[in-house]
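> Below you will find the structure I want to go over with you.
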Amino acid sequence: MALKIVKGSIDRMFDKNLQDLVRGIRNHKEDEAKYISTCIDEIKQELKQDNIAVKANAVCKLTYLQMLGYDVSWAAFNIVEVMSSSKFTYKRIGYLAASQCFHESTDVIMLTTNQIRKDLSSPNQYDTGVALTGLSCFVTPDLARDLANDIMTLMSHTKPYIRKKAVLIMYKVFLKYPESLRPAFPRLKEKLEDPDPGVQSAAVNVICELARRNPKNYLSLAPLFFKLMTSSTNNWVLIKIIKLFGALTPLEPRLGKKLIEPLTNLIHRKIHIFSSHKMLCSQSHLIVSLSRIAVLISLSSGMPNHSASIQVMKYLGLLAMSKILKTHPKSVQSHKDLILQCLDDKDESIRLRALDLLYGMVSKKNLMEIVKKLMLHVDKAEGTTYRDELLTKIIDICSQSNYQYITNFEWYISILVELTRLEGTRHGHLIASQMLDVAIRVRAIRVFAVAQMATLLDNAHLLTGNMQRMGICEVLYAAAWICGEFSEHLENPMQTLEAMLRPKVATLPGHIQAVYVQNAAKLFATVLKNQEGNTDSTAAQETSQLMIDRLPLFVQSANLEVQERASCILQLVKYIQKLQQKDVEVAEEVCALFAGELNPVAPKAQKKVPVPEGLDLDAWINEPPSESESEDEQPKAIFAKEEPKHSRPRHTEVDEKELARRREARKQEQANNPFYIKASPSSQKAYQEAPGVEHIPVVQIDLSVPLKVPGLPMSDQYVKLEEERRQKERADKKKKEKKKRKEKRSGRGRKHDSGPESEEDITPAHMVDIVTEEMPEVHRSCLNITMNLKGNARTNMISAKGAVSSYVVSGGIFLPVKSSKHKKKKQKKEKEEKEKKKKKKHHHHHHHSDGGGEESVQNGTVEEEEPLPVSVYDIQGNLQDGSQVVVSVIFENKCDSFLKSMEFNVLDSLNSKLQRPEGSGPHDGLTVPFQLPPGVSNEARFVFTVQSIVMPQKLKGTLTFIVKNEDSSTHEKLDFKLHFTCTSYLITTPCYSDAFAKLLESGDLKCSSVRLEGVIMPFHHLLARICFHHHFSVVERIDSCASMYSRSIQGHHVCLLVKTSGQTVSIDAKCDEPTLLGNVLDEIKQTFSQC
Amino acid sequence: MIKAILIFNNHGKPRLIRFYQYFAEDMQQQIIRETFHLVSKRDDNVCNFLEGGSLIGGSDYKLIYRHYATLYFVFCVDSSESELGILDLIQVFVETLDKCFENVCELDLIFHMDKVHYILQEVVMGGMVLETNMNEIVAQVEVQNRMEKSEVSLFLDR
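Line by line, the protein sequences are chains A and B.
Using the UniProt record's numbering, read the first sequence as starting at 1 and increasing by one per residue.
Using the UniProt record's numbering, read the second sequence as starting at 1 and increasing by one per residue.
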């Protein structure tokens, strides 16, 4: 009986499963939406039931509806319920639904953490698998953080099925929670050698994705991958590894050479992997594979009726070529014909790829030919996207590197003009900017360009006639400007002027009209000038009349710019007319309005203008505004010194009467203001009666087929002309050569072979003014400074040959205290000398060290006794471990003997200890892991454990080593001091200004300040210096004020507010550790006192 | 990375969608429509790669597709994937479907969208290729199906 009830309820519950839903939807084709909405109501009912089977069924249906585009996020909680079912079947449904519709902002995800953790550790591997799969789709930073450890354990699960999933999902975890990368990496690396190929492949996959983001870190894995590549048979793994090497080879050129052999083997074995091979474009061996690719393409083009796979090969070949083109343009260029053939392919993807390649293939010789071919394609192309692509490519190809390949600009202008005949292109502005650029920069072409533009203006109706072609009317902008600016070249300026003042112009976009108006004025000036030369003065007056008649059209324009220019010019012309009526000659003066040539200016040309002497750009011209006025501009006045000034909001009591009065006044004002649209119907009427622009009868010429415009040039003719020109040139040359040869008949025979013309032989018909972009001056000086600083640091290190110095460089210190035997006195002296010279330019140091060298030569045998300078050049905190500091030391052997068995030892203090390998005593030295032949330097790193970082300290140490000569060897010793500044515990950490502000507001920080006098350096140098020497980063900079931030390895925040006025720099600082702060400030002060 | 996997029929009706990056539902539908528009106008004997379209968002993304009878299988991938590799993967996926459904046809996908998802989950996980060995995929799918059957029968027997 009970069974029956259960079964009955089951039947009822399952009255509609997924299949039924799908069937239902298919049967309700007409009212699908309505049907689905009833289904959703049913689902809502089902979700309310307690039975998990019913719920799961409902969720399954929701997943289907989600695919159809219905938002099912309202059921997120129910999905979580189903996920937590103990039955695999339901769990799987739940996780599937979750993976389809959960995302980072789904709030119920928080509830899933424990459930997922439970599933991950489930004894059933498929429960774990399902959880991993689901998690991979909706992992959030929180989930990643909480579950990273669990997933890491799964990476060494006994079942390969789980291992591979766990390895793969680690990539997602890294993305969301980058901190997990470091601890997980060794295990990931281990998985590269997993016995199961699936796990191996997953690990390769993850590392490839990681390496794509930051290849540098994975260089060390190269040997491992190399082994995998030669041993693996899995195509997937091979492809991924080759891709990975593609990312690595640019960083490590030697890798490429090593790869040649295995790769060629691979290519022979499986030709289809070659597509990935293209990534390795840095090596010359590629030519081999390139020819192979070319063969493939030619093969494929030879067999027309062979299915899509040939097309696939073609596409991939072209893709590969585009990669190779970047490094080996020559080798691709030889396949030009093949690529041009691909332009005719029926497949758009292939055509686009081939187009991409053309860019790198053109030369002076073949440019015209290629562009001619492209123009043919433009005519044939169906579909605007492809045609637009063609258009931009033509322009790209022609204009690349300052029109390098164009020999005849008349040809180029006519190409541009031809392009304007394209229908429905979006790139009108591109053509326009090219026209402007060429006309301005190529002086010789102006006459021709102006003539062409005049024709364009004359035939403007062809461009604007069709509304679809609005994009192209941008060209008129260029045309009008060129005609106006270079109007002296116009044959018939009057005609152009009329063309520009046609009523139809009013239908053009506002910015073009504005240019029309302005340039009509320029033309007017030219026309006047021409006409006043004649005896008949009526012509000039007629011209003025024409302007006065036509300009009002523009005065009424809705566009402000047009309105303003038109009314200005209209008044001007009226005034001119007045003068003309008095028979005054005005042309000269009108022309003066537009006198002077507009030259092209490089975008950064301003930087080239030298600042005149005595002009200080940073000095205030007026007194700086008082602080209360410019509170907003202050970089957040949170530092204690600056008490925030609150301007108290003014509460003015306004009574009702006053308000009413004001309202009335405003209404009055609005009524009188023409710019307010009034409610009264009369004004509307008046507007309609006024003879507006809209009422001028305009005949629309609707031409769907572009006409050949009379007088427009055909670019083809230029190809011929160019050919002739070149032939002539060649002939000329030959003549010259003949002459020469005649002269030198008795000479050494023919030097010049008049064979096929080479690239250099083709002289351009027109010259381009090349405007190169200067690197901004400011940047360069910044760069110089850092370079200098580095340079100083280095010379200090190297020149300090066995001498004593205590110079502090970016936290690094060099302190060999005394050399083993004699010369203590001398060294003392040297030390003083050095300190004096410390900040002088670095040739001083060179000099100094040279001197030192001489001395040792003089001393002869003494030389070996101080052959080895130790230079600590950097002390770096270890971010991972707040108590560790890494000291990098460069050892340079300056003597002629061989140095070996070096031992580095430091007397530990209570606070700092040198980390020694386990088992060695506290006074044992560390062996330096290399030997030094004469003149060689090498770097060793030593790790120190530091307890407290708030105080700077000095550690004494010794370096012992054996100097080995041909006949003898001696034991030597060198004492030195290590100076741990507080700065060296700071780590440059970027900080956002809002986080910075929060930090300061938190109130946990103690503050302190310091004032530096007599600092003569630009503010940005000062900042750069603080950043460089003291590991700070600039958070925000406003004028002469900047906030900076840094963090110590133990997590202390250090904030600075640096302000400068004149030669005084004040630094307000905040830090959660006052002692540390004090010391850091002292060090900063020291840095600046040294300069 | 694979950004999305779309299966739709010759009329653009979605049969399976799997986005590995979040898009709102209406955006998903628009992407499907757009992709269908791009893919459907191409001949069968042209290459299987396409660039452009809003989903792809930039030059790094490509559509790699195959057309089987009434269905289009479209993978949207970035440049870290090999074109031929993905083509191969689509083939593996379809062959797996064929094995699991025994002569798969569009109707199988229509009525068993969930099962298709479960199979896909064994091939691609979170946008990364999990397994390319067909036998392995089929084996894992079958084990899970058996588990499901035993659970359901257990439930009904009670």
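Note that beta-carbon positions come from the ideal geometry of N, C-alpha and C, so glycine has one too.
As the structure is a computational prediction, the values presented were derived from the model and not from experiment.
So for Glu410 of chain A, helix, strand or coil by DSSP?
The count along the first sequence starts at 1 and reaches residue 410 of chain A at position 410. In this structure, Glu410 of chain A counts as helix in the three-state DSSP scheme.
> Who are the neighbours of Val1010 of chain A on chain B, taking C-beta pairs under 9 Å?
In the first sequence, residue 1010 of chain A corresponds to position 1010, counting from 1. Going along chain B, no residue has its Cβ under 9 Å from Val1010 of chain A, so there is no contact; the nearest lies around 49 Å.
> Pick helix, strand or coil for Ile7 of chain B, following the three-state DSSP scheme.
Here residue 7 of chain B is taken as the residue at index 7 of the second sequence, counted from 1. In the three-state reduction of the DSSP assignment, Ile7 of chain B falls in the strand class.
> In terms of residue numbering, what span does the alpha helix (DSSP H) encompassing Asp994 of chain A cover?
For this step, residue 994 of chain A is matched to residue 994 along the first sequence. Ser993 to Glu1001 is the span of the alpha helix (DSSP H), which, as asked, contains Asp994 of chain A.
> Using CA atoms only, rank isn't needed, just tell me which of A:Ala540, A:Pro612, A:Thr407 and A:Val332 is closest to Gln577 of chain A.
Taking the first sequence and counting its residues from 1, one reaches residue 577 of chain A at position 577. When each option's Cα is compared against that of Gln577 of chain A, the closest is A:Ala540.
> Grouping DSSP H, G and I as helix and E and B as strand, with all else coil, what is Tyr64 of chain A?
For the purposes of this step, residue 64 of chain A is taken as residue 64 along the first sequence, with counting starting at 1. Three-state result, Tyr64 of chain A: helix.
> Curious, which full-length alpha helix (DSSP H) runs of at least 4 residues does the region 394-462 of chain A contain?
409-419, 428-441 and 446-458
> Alpha carbon to alpha carbon, how far is residue 1119 of chain A from Ser901 of chain A?
Any property of residue 1119 of chain A remains undetermined from this structure, which presents chain A solely from 1 to 1091.
> Report yes or no: do the region 543-561 of chain A and the region 599-609 of chain A share at least 3 C-beta pairs separated by less than 8 Å?
no
> Going by the beta-carbon positions, is the gap between residue 1098 of chain A and Phe891 of chain A smaller than 7 Å?
Residue 1098 of chain A lies beyond the range of chain A shown here (1 to 1091); nothing can be said about it.
> For Asn205 of chain A, would you say it is in contact with chain B, using Cβ-to-Cβ distances shorter than 7 Å as the test?
Here residue 205 of chain A refers to the residue found at position 205 when the first sequence is read from its first residue. Chain B contact via Cβ: present.
> Determine, using beta carbons only, whether Thr70 of chain B comes closer than 7 Å to chain A.
Counted from its first residue, the second sequence places residue 70 of chain B at position 70. Not an interface residue.
> Name the chain A residues that come within less than 8 Å of Thr35 of chain B, Cβ to Cβ?
Here residue 35 of chain B corresponds to residue number 35 of the second sequence, with the count starting at 1. Result: empty, since nearest Cβ-Cβ is about 14 Å, beyond 8 Å.
> Could you pull the start and end residues of the beta strand (DSSP E) that Pro14 of chain B belongs to?
Numbered from 1 along the second sequence, position 14 holds the residue referred to as residue 14 of chain B. Element bounds for Pro14 of chain B: Pro14 to Phe19.
> Using a Cβ-Cβ distance under 7 Å, would Cys137 of chain A count as near chain B?
Taking the first residue of the first sequence as position 1, residue 137 of chain A is located at position 137. It does: the Cβ of Cys137 of chain A has a partner Cβ on chain B nearer than 7 Å.
> Considering only C-alpha positions, which residue in the set B:Glu51, B:Val77 and B:Asn9 is nearest to Arg33 of chain B?
One-based indexing of the second sequence puts residue 33 of chain B at position 33. Comparing Cα-Cα distances from Arg33 of chain B to each of B:Glu51, B:Val77 and B:Asn9, the minimum goes to B:Asn9.
> Work out the CA separation of Gly921 of chain A and Ile905 of chain A for me, nearest whole Å.
For the purposes of this step, residue 905 of chain A is identified with residue 905 of the first sequence, where counting begins at 1. For the purposes of this step, residue 921 of chain A is identified with residue 921 of the first sequence, where counting begins at 1. Correcting the residue type first, residue 905 of chain A is Asn in the shown sequence and not Ile. Cα to Cα, the separation comes out at about 12 Å.
> Helix, strand or coil: which one does DSSP assign to Glu623 of chain A?
Walking along the first sequence from the start, residue 623 of chain A turns up at place 623. The three-state reading of DSSP puts Glu623 of chain A in coil, since its state is none of H, G, I, E or B.
> Can you grab the Cα-Cα spacing for the pair Lys243 of chain A / Ile324 of chain A, in whole Å?
Numbered from 1 along the first sequence, position 243 holds the residue referred to as residue 243 of chain A. Numbered from 1 along the first sequence, position 324 holds the residue referred to as residue 324 of chain A. The alpha-carbon atoms of Lys243 of chain A and Ile324 of chain A are separated by roughly 15 Å.
> How big is the Cα-Cα spacing for Ser948 of chain A and Phe976 of chain A?
Taking the first residue of the first sequence as 1, we reach residue 948 of chain A at position 948. Taking the first residue of the first sequence as 1, we reach residue 976 of chain A at position 976. Spanning the two alpha carbons is a distance of roughly 22 Å.
> Counting only beta-carbon atoms, is Thr89 of chain A nearer than 7 Å to chain B?
Taking the first residue of the first sequence as position 1, residue 89 of chain A is located at position 89. Closer than 7 Å: yes.
> Compute the distance between the beta-carbons of Leu111 of chain A and Val80 of chain A, then report whether it is under 7 Å.
For the purposes of this step, residue 111 of chain A is taken as the residue at position 111 of the first sequence. For the purposes of this step, residue 80 of chain A is taken as the residue at position 80 of the first sequence. Yes, these two residues count as a Cβ contact at 7 Å.
> Mind checking if Val46 of chain B is an interface residue toward chain A, Cβ cutoff 7 Å exclusive?
On the second sequence, residue 46 of chain B is found 46 positions in, with the first residue counted as 1. It does; some Cβ of chain A falls within 7 Å.
> Given 8 Å as the limit, is there contact between the region 90-97 of chain B and the region 108-126 of chain B, that is, 3 or more CB pairs closer than that?
yes
> Closest Cβ-Cβ distance between Ser150 of chain B and chain A: below 7 Å?
Taking the second sequence and counting its residues from 1, one reaches residue 150 of chain B at position 150. At a cut-off of 7 Å between C-beta atoms, Ser150 of chain B does not count as an interface residue with respect to chain A.
> Note down the Cα distance separating Leu120 of chain A from Ile1026 of chain A, rounded to an integer number of angstroms.
For the purposes of this step, residue 120 of chain A is taken as the residue at position 120 of the first sequence. For the purposes of this step, residue 1026 of chain A is taken as the residue at position 1026 of the first sequence. Near 50 Å, if we compare the C-alpha coordinates of Ile1026 of chain A and Leu120 of chain A.
> Check the DSSP bridge columns for Lys1070 of chain A and list the partner residues they point to.
As a first step, residue 1070 of chain A must be located in the first sequence, where it is residue number 1070. DSSP output for Lys1070 of chain A lists A:Cys1007 and A:Cys1055 as bridge partner(s).
> Run the CB neighbour count on Asp1004 of chain A, radius 10 Å, all protein chains shown included, and call it buried at 16 or more, exposed below.
As a position in the first sequence, residue 1004 of chain A is number 1004, starting the count at 1. It is exposed - the Cβ of Asp1004 of chain A has fewer than 16 other Cβ atoms within 10 Å.
> List the endpoints of the continuous alpha helix (DSSP H) containing Ile569 of chain A.
Taking the first residue of the first sequence as position 1, residue 569 of chain A is located at position 569. Counting along the chain, the alpha helix (DSSP H) containing Ile569 of chain A begins and ends at Leu560 to Gln581.
> For Tyr22 of chain B, which residues in chain A fall below 8 Å Cβ to Cβ?
On the second sequence, residue 22 of chain B is found 22 positions in, with the first residue counted as 1. The contacting residues are His103 and Glu104.
> For Thr538 of chain A, is the classification buried or exposed, using 16 other Cβ atoms within 10 angstroms of its Cβ as the cut-off for buried?
By one-based count along the first sequence, residue 538 of chain A stands at place 538. That one is exposed.
> Given that a residue counts as buried once 16 or more other Cβ atoms are within 10 Å of its Cβ, and exposed if not, what is Leu376 of chain A?
Working through the first sequence from its first residue, we reach residue 376 of chain A at position 376. Exposed, since its Cβ has fewer than 16 Cβ neighbours within 10 Å.
> In or out: Trp620 of chain A buried (at least 16 other Cβ within 10 Å) or exposed?
Residue 620 of chain A sits at position 620 when you count from the first residue of the first sequence. With fewer than 16 other Cβ atoms within 10 Å, it is exposed.
> On the CB-based measure, 16 or more other CB atoms within 10 Å of its CB, does Leu251 of chain A come out buried or exposed?
Taking the first sequence and counting its residues from 1, the one referred to as residue 251 of chain A is at position 251. Answer is exposed; the Cβ neighbour count stays below 16.
> Answer with buried or exposed for Met951 of chain A, where buried requires no fewer than 16 other C-beta atoms within 10 angstroms of its C-beta.
In the first sequence, counting from the first residue as 1, residue 951 of chain A sits at position 951. The residue is exposed, with fewer than 16 neighbouring Cβ atoms inside 10 Å.
> Is the distance from the Cβ of Ala506 of chain A to the Cβ of Glu474 of chain A below 7 Å?
For the purposes of this step, residue 506 of chain A is taken as residue 506 along the first sequence, with counting starting at 1. For the purposes of this step, residue 474 of chain A is taken as residue 474 along the first sequence, with counting starting at 1. No, Cβ-Cβ distance for Ala506 of chain A and Glu474 of chain A is not below 7 Å.
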